[in-house]
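Numbering (this note's numbering), first residue to last: 606 to 872.
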């Protein structure tokens, strides 16, 4: 596996007065379903090479194939777990437990109830504060895990670097062709719903790249919480409105770029 030492800014806060860069990211998969779409995708998604990986998470040694989620972000990996025969038998045994005992087992040993598709995110060099911010944000937004944000399974060490293990939410980020097929009004409403739910729990994302939001089914889910803004009920409405409009404008601009380059077309 290539080195996880990737350069990055050392500041925690990123001003929204500056337009974030627009990157061509490698798509992972298309959403399973979408609201009525204005556009359709006419380009094929790219795939990144995979390689075997082994990680130790609590009492379980996990073997999987790993691919970088995005070419430009080498510290985040999509894992496809390949359970051993013993692990498969363990899963069958756990599945046979009575509900109350199963809940107790899952709470004490979450590593044995993991899905087969995971995301491993390693801490970037000199980003220790941001890494801790992300962990605390997942804790603060615990009630939104699995619906508005990925599920957080826990922390571990990967190749001497601290990391976190998350669920793979799938879908397509809204900066790639498969995620840029809604009209602006549809996107604005879905985005507002997600940000409103997050604000009710006291946090809004401050890294506002389109790649940090995914269309999953009929909703938008958010990822990447190394930089967040804490909000209160007094200022959340203004924050939500400003952030929603900013993202909607970015989305419309990216959509026009994808249309002009022949990657999407109107239906």
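Heads up, the beta-carbon is just placed ideally off N, CA and C, and yes, glycines get one too.
Simplified DSSP assignment, three categories, for residue i
i, result
"residue 627", "Because residue 627 carries a pLDDT of 34, less than 50, the predicted location of this residue cannot be relied on, and no value is offered for it."
"residue 788", "coil"
"residue 645", "strand"
"residue 659", "strand"
"residue 801", "helix"
"residue 772", "strand"
"residue 869", "strand"
Exposure label - residue i; buried when at least 16 CB within 10 Å
i, result
"residue 646", "buried"
"residue 774", "buried"
"residue 728", "buried"
"residue 726", "buried"
"residue 666", "exposed"
"residue 636", "Caution applies to residue 636, whose pLDDT of 48 falls short of 50 and renders its modelled position unreliable; the value that the coordinates give is listed next. So residue 636 ends up on the buried side."
"residue 792", "buried"
"residue 731", "exposed"
"residue 843", "exposed"
"residue 785", "buried"
"residue 823", "exposed"
"residue 709", "exposed"
"residue 614", "Residue placement at residue 614 cannot be trusted, given a pLDDT of 39 that sits under 50; what the coordinates show is reported in the next sentence. So residue 614 ends up on the exposed side."
"residue 780", "buried"
"residue 680", "buried"
"residue 869", "buried"
"residue 626", "At residue 626, the pLDDT of 35 sits below 50, so the modelled position is not reliable; the number obtained from the coordinates is stated separately. Answer is exposed; the Cβ neighbour count stays below 16."
"residue 690", "exposed"
"residue 840", "exposed"
"residue 694", "exposed"
"residue 604", "This structure cannot speak to residue 604, because the chain is shown only from 606 to 872."
"residue 782", "buried"
First through last residue of the alpha helix (DSSP H) which encompasses residue i
i, result
"residue 848", "841 to 865"
Where the beta strand (DSSP E) containing residue i begins and where it ends
i, result
"residue 672", "665 to 675"
"residue 651", "From DSSP, residue 651 is part of no beta strand (DSSP E); its letter is neither H nor E."
"residue 827", "824 to 827"
"residue 835", "833 to 835"
"residue 815", "Run containing residue 815: none; DSSP gives neither H nor E here."
"residue 808", "808 to 810"
"residue 779", "No beta strand (DSSP E) holds residue 779; DSSP gives it neither H nor E."
"residue 679", "678 to 686"
Do the region 766 to 782 and the region 797 to 812 touch if we need at least three Cβ pairs shorter than 8 angstroms?
-> In short, these stretches do not touch, since the Cβ pair count stays below three.
Hey, which unbroken runs of the alpha helix (DSSP H) at 4 residues or more fall wholly within the region 700 to 769?
-> Restricting attention to alpha helix (DSSP H) runs no shorter than 4 residues, the region 700 to 769 encloses them at 704 to 713 and 733 to 745, ordered along the chain.
Are there three or more Cβ pairs, one per stretch, closer than 8 angstroms when the region 671 to 682 is compared with the region 700 to 718?
-> No, because fewer than three Cβ pairs between the region 671 to 682 and the region 700 to 718 fall closer than 8 angstroms, the two stretches do not touch.
Report yes or no: do three or more beta-carbon pairs, one from the region 780 to 797 and one from the region 842 to 850, lie closer than 8 angstroms?
-> Yes, they touch.
Do the region 738 to 746 and the region 680 to 699 touch if we need at least three Cβ pairs shorter than 8 angstroms?
-> In short, these stretches do not touch, since the Cβ pair count stays below three.
Is the region 829 to 844 close to the region 862 to 872, with three or more CB pairs under 8 angstroms?
-> Flag = no, the region 829 to 844 and the region 862 to 872 do not touch.
Between the region 714 to 726 and the region 682 to 691, are three or more C-beta pairs nearer than 8 angstroms?
-> Contact between the region 714 to 726 and the region 682 to 691 is present, with at least three C-beta pairs closer than 8 angstroms.
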